[in-house]
Structure formats: C-alpha cells, structure tokens
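K.L.:
The sequence shown begins at 92 in our numbering and counts up by one. Think of the CB as a built atom: it goes at the ideal place given N, C-alpha and C, for glycine as much as any other residue. Keep in mind it's a predicted model, so treat the numbers as computed, not measured. One structure follows; several queries about it will come next.
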Amino acid sequence: MAAILNIGAEDSRVSSSSRRNWISGNFGDPAEAFRRNSVVEEEEEEQENLIWAAIEKPLRQKDEEGILRKIGDDGKTISSEIDLKKLSMHERKILVDRIMKIVEEDNERFLNRLRDRYNHVGLDLPKIEVRFLNLSVEADSYVGSRALPTLLNTSINTLEEIFGFVRFSRSKKRRNRILVDVSGSLKPSRMCLLLGPPGSGKTTLLLALAGKPSKKIKVAGKITYCGHELSEFYPQRTSAYISQHDVHNGEMTVRETLDFSGRCLGVGTRYELLSELTRRERDAGIKPDPEIDAFMKAVSVGGQTSSLATDYIMKVLGLDVCADIVVGDEMRRGISGGQRKRLTTGEMLAGPARALFMDDISTGLDSSTTFQIVKFIKQMVHVTEGTVLVSLLQPAPETYELFDDLILLSEGQIVYQGPRENVLEFFEFMGFRCPERKAVADFLQEVTSRKDQEQYWYREDQPYSYISVSNFSNSFKSFVIGEQIEEYLRIPYDKSMTHPAALAKKKYGMSNWELCKACFAREWLLMKRNSFVYIFKATQLTIMALITLTLFLRTNMHHETISDGVSYYGALFFSLLNVMFNGLAELALTVYRLPVFYKQRDFLFYPSWAFGLSYVVVKIPISLLESGIWIAITYYGIGFAPSASRFFRQFLAYLSIHQMSLALFRFLAAVGRTMVIANTLGVFSLLVVFVLGGFVISKDDIQPWWIWGYWLSPMMYGQNAIAINEFLDSRWSKPNNDNNIDEATIGKAILRSRAMFVHGYWYWICILAFLDLLFYLTFAL
Numbered sequence: 092m093a094a095i096l097n098i099g100a101e102d103s104r105v106s107s108s109s110r111r112n113w114i115s116g117n118f119g120d121p122a123e124a125f126r127r128n129s130v131v132e133e134e135e136e137e138q139e140n141l142i143w144a145a146i147e148k149p150l151r152q153k154d155e156e157g158i159l160r161k162i163g164d165d166g167k168t169i170s171s172e173i174d175l176k177k178l179s180m181h182e183r184k185i186l187v188d189r190i191m192k193i194v195e196e197d198n199e200r201f202l203n204r205l206r207d208r209y210n211h212v213g214l215d216l217p218k219i220e221v222r223f224l225n226l227s228v229e230a231d232s233y234v235g236s237r238a239l240p241t242l243l244n245t246s247i248n249t250l251e252e253i254f255g256f257v258r259f260s261r262s263k264k265r266r267n268r269i270l271v272d273v274s275g276s277l278k279p280s281r282m283c284l285l286l287g288p289p290g291s292g293k294t295t296l297l298l299a300l301a302g303k304p305s306k307k308i309k310v311a312g313k314i315t316y317c318g319h320e321l322s323e324f325y326p327q328r329t330s331a332y333i334s335q336h337d338v339h340n341g342e343m344t345v346r347e348t349l350d351f352s353g354r355c356l357g358v359g360t361r362y363e364l365l366s367e368l369t370r371r372e373r374d375a376g377i378k379p380d381p382e383i384d385a386f387m388k389a390v391s392v393g394g395q396t397s398s399l400a401t402d403y404i405m406k407v408l409g410l411d412v413c414a415d416i417v418v419g420d421e422m423r424r425g426i427s428g429g430q431r432k433r434l435t436t437g438e439m440l441a442g443p444a445r446a447l448f449m450d451d452i453s454t455g456l457d458s459s460t461t462f463q464i465v466k467f468i469k470q471m472v473h474v475t476e477g478t479v480l481v482s483l484l485q486p487a488p489e490t491y492e493l494f495d496d497l498i499l500l501s502e503g504q505i506v507y508q509g510p511r512e513n514v515l516e517f518f519e520f521m522g523f524r525c526p527e528r529k530a531v532a533d534f535l536q537e538v539t540s541r542k543d544q545e546q547y548w549y550r551e552d553q554p555y556s557y558i559s560v561s562n563f564s565n566s567f568k569s570f571v572i573g574e575q576i577e578e579y580l581r582i583p584y585d586k587s588m589t590h591p592a593a594l595a596k597k598k599y600g601m602s603n604w605e606l607c608k609a610c611f612a613r614e615w616l617l618m619k620r621n622s623f624v625y626i627f628k629a630t631q632l633t634i635m636a637l638i639t640l641t642l643f644l645r646t647n648m649h650h651e652t653i654s655d656g657v658s659y660y661g662a663l664f665f666s667l668l669n670v671m672f673n674g675l676a677e678l679a680l681t682v683y684r685l686p687v688f689y690k691q692r693d694f695l696f697y698p699s700w701a702f703g704l705s706y707v708v709v710k711i712p713i714s715l716l717e718s719g720i721w722i723a724i725t726y727y728g729i730g731f732a733p734s735a736s737r738f739f740r741q742f743l744a745y746l747s748i749h750q751m752s753l754a755l756f757r758f759l760a761a762v763g764r765t766m767v768i769a770n771t772l773g774v775f776s777l778l779v780v781f782v783l784g785g786f787v788i789s790k791d792d793i794q795p796w797w798i799w800g801y802w803l804s805p806m807m808y809g810q811n812a813i814a815i816n817e818f819l820d821s822r823w824s825k826p827n828n829d830n831n832i833d834e835a836t837i838g839k840a841i842l843r844s845r846a847m848f849v850h851g852y853w854y855w856i857c858i859l860a861f862l863d864l865l866f867y868l869t870f871a872l
C-alpha cells in the first residue's frame, strides 16, 4: 500500500511539474498572460466603440452605412463599416445568413428582434383595419347556351353590343349577383382565412378589398381603410393583391424579377420610420444591434438595382436555390410551378404594403411548403401588426390551425366570420357536427352544399331539412359572434387613431426618373435575352438584301429614259416592303409582354408612359442596325444616286420607315391583346397599307371614297420619301421627251407618272409624318 502511495506521490509530482512546464512554455509568466488578456479586451472594446461611433452618426449623413461582421481567414470575427447601397451579392448573403441561418427556427426570432427595437423607444408601427359594409357586387353576363364561346355566339354578341351601344336593341345579358350585402372587418395582427367552394365570390371579394375591382362589374357598398374611403388614398399601394395566376417575364431570373418589383414599389415609409427610430435611440442613449441596424438601413434605401430585401424574401420562401434561374414560359424551360407560385407571392411582398390579400396561393404547392409559407406570413403579421386575408381551397389541418380568424363564403354570402375556434360551435348551434376524422376545412366547404349537407346532421330527435346559405347567413347574425361583429361595425373607426404612415398618399413608390431608369434597365435586359430573335431578323434581312442586289444589279440599271426609272422605282418599292415587313415580329413580342404590363400597371409599379417610352427607345438601335444593313448592301450595289447626301437621306427614310413599322405593329398588338385578334388586325392592316400605298394602285386610280386610306397609309409616305430622294437627283435632270407628261425632266416625269409628289420639300413632310404620334401615344396610354 505504501509503495502504491509513493508511486502515486511521484506520479503526482511528475504530473505537477509537467503541467507547470507546459503552462510556462505556452503562456510564460501568469502575470504576462493577464496583461495580454487585458490588451485583447482593450482592443475589442476600442473596436466596439468605433463601431458604435459609426452607427450613431446622424442618419442623414450615414443612412447608407452600417456594420458587417464576418469570419476572417484566421477564424476571428472581423467587423467592418460598409456602404449598404453598394452591397455585393456575397456581402448580402453573409448578412442574411448571420441574421437567419435556419429559416424555420430563426425567422420569428429575427422579426422579434426587429420589433423589440421599436418597442424599446415606444415607436408604434403603422396598422391598417379594413372594413366592408353592405358590399354587393353584380355583373351582367350571358347564361345557358349563349355563354358558350362559339363562333355564332361571338358574332351575335358583338352585333348585339353594337346595336346596344346605339340603343337600337336591348342587351340579352342577365344580371348575376356575385356578392350579396356582405359586411365585416379585418383587424391588424390577425391571420384571417377565406374559405368557400369554387364560384362563391372569394376572388371578387379580395379584388374589391384591394381596390381593384373589374371595370365590367358594379360595386355597391362601402370599403374603408382605418375609416378612410378608397378615394382618399391609393389602395393599390397601401395593399397588395396576390393573384392566383402566375404572370411573369419568362426571360428574367427569380432574383431579377424580385429586384425589379422592389425597385418599382419602393420602400414606402421605412426611411422615415428609421429616421425617427434612430433619433429616439440617440436621445435615450440606446445602442442597437449592429446586424439589425444594418438590415433595417439596407432595406430602407430606395432605388437600388439589387436589394437586401430580395435576398431575405428568397430565403424565407425557399427561392434561394433557384435565384439565378430564369422563370421560364411555354417555350423556355425555367423554374417549377411551385416555385413560380412562390415567386408570385414574393413579388408583392417585396413592396411596402401593410395589407395583403392573397388569392389561392397554395396552387401547385405541396402541403409542407404551403405550411411553411403560411407560417412565415403568420410570424410577419403577428410581429409587424400587418393585415392579411388569405384564400385557400383545401388547406391541410396543420395549415388551417395557423389562422386566427375565419371567413366562410358561399353563394356570395358570408356564412361565418370570427375566431377560428368558434366556427364548429356555430354549426353545432345550427345542427351540424364535424366528424372526428374529418378535416375542419373540408367540412366547412361541404356543409353548405345541398349534396353533402345531410351527412353532417347530428340531431337525431329532429328530421333533417336542407338549410340554405341565406338561412345560415341570417342565423349567424343572431349567433353570439355575429352579434358582437355587428355591434363592433356600428361604431365608426376613429380616423384620428390612424398612423401617419399607414395609408399611401403618393401614386408611385419612386420618382418618375427612377421608374424610367428601372424600366429602361429591364427592357435592355430583355432585349439581350431575346438576342436570338434580333440576330435572326438581321440575318434574314441580310440574305434578302443580297437577293435584291442580284435582282437589280447596277450593271443592268440605266438612267436614261422613263422606262429605266421604272426599274429603279420597283427596286425602291421592294426595299421599302422588306424593311417594313421586317417589323412584323414586333407584334408577337408585344402581345407576349402585355399581361405582365397590365398587371404591373394596375398595381402602380410604374406609369404606362414609362413602359412605353423605354420599350420604344431601346428598339432604336435595332432600327439603326437593320436599316444600315439594308442600305449598305443595296444602295451602291443597285446603283442609286451616288451623292453622299442622297445616301444618308435614304438611310434616314428607311430608319423612319422601320420605326413606323414597329410602332404600327405595337399599336395593333395593344389593341388586339391576344395573338389571334392581333394577327387578324395585322394582316388586314398590311393589306390596306399595301394596296393604298401608291404602288399597286396609283393615287389617280384610287376611287374617291378610298382616298382617305391613301393619306393614312404609312407606306405612301415612305414610297414618296425614297422616290423623291432618288428621282430629284441631278442625274435624272435630263429633258423629258414624253409629251403625255407635262414635266421638264425625266425624274419629275417618272414621279408624275405614278402620281407622286414632285417637289423636294415633300421629302421632309413625309419624314415628319413618320413620327406617327398617334401610334406612339395610343400604345403608351
């Protein structure tokens, strides 16, 4: 035992000695170790002070700067001051990852950190309460066989509308009531679910509350936001309607789509709220979290080409995995249907809207993804005190339980409205009970149906009889929840309680200049993505120019007689025809772009003129290229007037003709709106322009009742411009020997023989006519 103790004591001495040697070798003197720790703490404290000094500078001077923490190569955390308006994609990813690593776990915590910053200084967030009183919506439509989209019905309906317009006959349409005298309210910080069978009026209700009812329906009743009627502010910017239809530019990526949306919709009042928040924190001596401060500043800076808000939305919606993949369309492979549906949601979340009306956002999504999206919206609503009404067709039980309130709509009437927990109590009050294994959402959509209602009747002592939707609606008014809602709606909303930043008073989120820049950048991007179309058109035009050159080779072209001039006149007409018809592709491109344009115009992304102006201007280089290709190959190859001034004047004429052609087909696409109608209008217009252009039939041979078509034909002005430019050249000034034409020179005789203008100033008149303000303005408006 003693030997064991001695061995143990010796081992203890050896171990103690080894530990002292190891500590001495690694740390030296213990006092030195304490001094080093003190130096490190002082450096960290000094760095921290520098960080807070940067953050606490006046907001007007440092509203675009913040602090970014990242891990260095040595594993240490490095804090650096950055310009939040010029964040790179890598820096945005670092900031979002530090704020929220796992979306399911960290998003609610992050939102609470944002809310706590406001609570610490007693700053209230904007809130919106939406009320609708006695809201009724009606529409006129055909019923029965007349509603079928057959050729006969379409023809009869068109004639009937024409006769009805001149009050020659009455319309055979019947009035249908989509919503019938519905009333209710949507409160902030409450998730409200809108349920109802198909055709119950859910989409109509959402559109009416969002301030975007169809022009073909008649709306009666009153809708208010915080007591203010829709005419007192811009509901399209205060709220956001998320459609069940996914309408996007297929050439743009997910990131580009969200960036464009955020850039146009702007940041709303985020900057003003952040200014007030920073002022109060500075007065109270409160130091905010650097990461939260950097995030709030980054999403409050407007006019950015790429925003941090885009990265945040992509992460919470699960779109970060396809951020740089094009959206795709019928002809272009892109993201999946579920991802496209989430992109539709994210496009509207990128803006500053405080009220969201979401129409069937679960189409194409699995139940797990739908649950995650609704959970994110719930967190956002509860923390930021937003107002949300979500329409879902058949939500899963776990998704259904995320909602606080419920509106059950059937046949245009509200059957139930109130807390989700009390809906089964109401139907038991009416004599219907949901089976244990039946999903509540499915039960609610079937219990008002005549076919499915009987199976849920549970009062065995009373015989079942069908209870109509009207009876349900009237009975709800006498139910305790219905009485409370009716009593609540009787008390008008106190307008003085409205937050100054709650309602949007400006029509657009950014200045006109910023919106123009955004539209120009997008149009240039789309033109690059569609470069194959323009390259193909240029190649086609080059081939046609070479063919034309061989047909009218200059070795066979003379300029001695009127007959020689006819050959030149034919070459000019064929050139004009090719340049003009090359703009036909613009019709299909414009029709394809119209749905996105109409959606974004209606939601006040930008004014119509900003889209029209950018769409027209970015096509000018295409006109320069195509006109230049044609004239460079054919002008001297055919042997037109050799002077440089005549060359450039013909180039200007072709450029104007091509621009006119693009404008004409854009105009027809905007009028037709669909490919079938637009193509029909395009072919008919080309026929009229071609026949009345002055070549097929000269002006003198056109009947008097068609002469108006001659003066309206763009081809007439093009034909006159290029003919005047050629035949008034000095080489065509030889004396005219034809006694049938009263002109002194061969050139003027050729023009007169085709009833063309014979004075040089008509060239410039024709060029001015090509400005075609009518086509441009009609397309822009």
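From which residue to which residue does the alpha helix (DSSP H) around A299 run?
P.N.:
K293 to L300
K.L.:
Just to check, is the beta-carbon of P805 closer than 6 Å to a non-hydrogen atom of the ligand COA?
P.N.:
Only the bare structure without any ligand can be found here, which leaves the ligand COA out of the picture.
K.L.:
What residues are listed by DSSP as bridge partners for L500?
P.N.:
I505
K.L.:
If I'm right that M766 touches V682 with Cβ under 8 Å, what's the distance once you round it to whole angstroms?
P.N.:
5 Å
K.L.:
Among the candidates Q553, V538 and P554, whose CA atom is the shortest distance from the CA of Y547?
P.N.:
V538
K.L.:
At what residues does the beta strand (DSSP E) containing T315 begin and finish?
P.N.:
I308 to Y316
K.L.:
Please list the segments of the beta strand (DSSP E) lying wholly inside the region 430 to 514, counting only runs of 3 or more residues, in order along the chain.
P.N.:
446 to 450, 478 to 482, 496 to 501 and 504 to 510
K.L.:
Secondary structure at I856, three-state DSSP: helix, strand or coil?
P.N.:
helix
K.L.:
Can you list, in chain order, the residues of its chain whose CB lies under 7 Å from that of S789, leaving out five sequence neighbours each side?
P.N.:
R845 and A846
K.L.:
Between which two residues does the beta strand (DSSP E) containing C283 stretch?
P.N.:
Counting along the chain, the beta strand (DSSP E) containing C283 begins and ends at R281 to L286.
K.L.:
Per DSSP, which residues does F786 bridge with? Please list them.
P.N.:
Paired residue(s): none; F786 is not in a bridge.
K.L.:
Just verifying my parser: in three-state terms, what is the DSSP assignment at A331?
P.N.:
strand
K.L.:
Less than 7 Å separating the beta-carbons of N673 and L632?
P.N.:
yes
K.L.:
Since E347 is in the alpha helix (DSSP H), which residue starts that stretch and which ends it?
P.N.:
E347 -> alpha helix (DSSP H) spans V345 to L356.
K.L.:
Let me know the secondary structure DSSP gives L637 once reduced to three states.
P.N.:
Helix at L637.
K.L.:
Below 6 Å CB to CB, which residues in the same chain sit around M449 once its five sequence neighbours on both sides are set aside?
P.N.:
Closer than 6 Å at the Cβ level, and outside the excluded window around M449, lie I333 and V481.
K.L.:
Figure out for me which residue from G522, S564, Y852 and L499 has the closest Cα to the Cα of D552.
P.N.:
That would be G522, whose Cα lies nearest to the Cα of D552.
K.L.:
Can you look up N673 in the DSSP assignment and give me helix, strand or coil?
P.N.:
helix
K.L.:
From I724, Y706, R692 and Y579, pick the residue whose C-alpha is nearest to that of T630; which is it?
P.N.:
I724
K.L.:
Give the straight-line distance between the Cα atoms of V392 and S398, rounded to the nearest whole angstrom.
P.N.:
9 Å
K.L.:
Examine the Cβ distances between the region 470 to 478 and the region 449 to 462 and report whether three or more of them are shorter than 8 Å.
P.N.:
Contact fails: fewer than three Cβ-Cβ distances are below 8 Å.
K.L.:
Taking T771 as the reference, which of F781, L759, V782 and V780 has the closest Cα?
P.N.:
L759
K.L.:
Taking DSSP as the reference, what is the three-state secondary structure of A530?
P.N.:
coil
K.L.:
Quick one: residues in its chain with C-beta nearer than 8 Å to the C-beta of V271, no 5 flanking neighbours on either side, listed in chain order?
P.N.:
Beyond the five residues adjoining it in sequence on each side, V271 comes within less than 8 Å, by CB distance, of S227, E502, G503 and Q504 in the same chain, given in chain order.
K.L.:
If you follow the beta strand (DSSP E) that G275 is in, where does it begin and where does it stop?
P.N.:
Its beta strand (DSSP E) spans residues R265 to L277.
K.L.:
What separation, rounded to the nearest whole angstrom, lies between the Cα atoms of V212 and G455?
P.N.:
Counting only the Cα atoms, G455 lies some 43 Å from V212.
K.L.:
Quick one: what's got a C-beta closer than 8 Å to S232's C-beta in the same chain, skipping five residues either side?
P.N.:
So the list reads A238, K264, R265 and N267, once near-sequence residues are dropped.
K.L.:
Ends of the alpha helix (DSSP H) at N811?
P.N.:
P805 to F818
K.L.:
Would you mind reading off the limits of the beta strand (DSSP E) that contains E578?
P.N.:
E578 -> not in any beta strand (DSSP E); alpha helix (DSSP H) instead, spanning V571 to R581.
K.L.:
Would you kindly check if the distance between the Cβ of L695 and the Cβ of Y599 is under 7 Å?
P.N.:
yes
K.L.:
Grab the span of the alpha helix (DSSP H) containing L205 for me, first residue to last.
P.N.:
Note, L205: alpha helix (DSSP H), V194 to H211.
K.L.:
Tell me whether I826 sits in a helix, a strand or coil according to DSSP, three-state version.
P.N.:
Note that residue 826 corresponds to Pro in the displayed sequence, not to Ile. P826: strand per DSSP, three-state reduction.
K.L.:
Classify T836 as helix, strand or coil using the three-state DSSP reduction.
P.N.:
The answer is strand: DSSP assigns T836 an E or B state.
K.L.:
Just the Cα atoms here: how many angstroms apart are I426 and R433?
P.N.:
Their Cα atoms are separated by approximately 11 Å.
K.L.:
Give every residue of the same chain whose Cβ lies closer than 7 Å to the Cβ of T401, excluding the five residues on either side of it in the sequence, and list them in chain order.
P.N.:
R346, L349, D350, G353 and A441
K.L.:
Under three-state DSSP, which class holds H339?
P.N.:
coil
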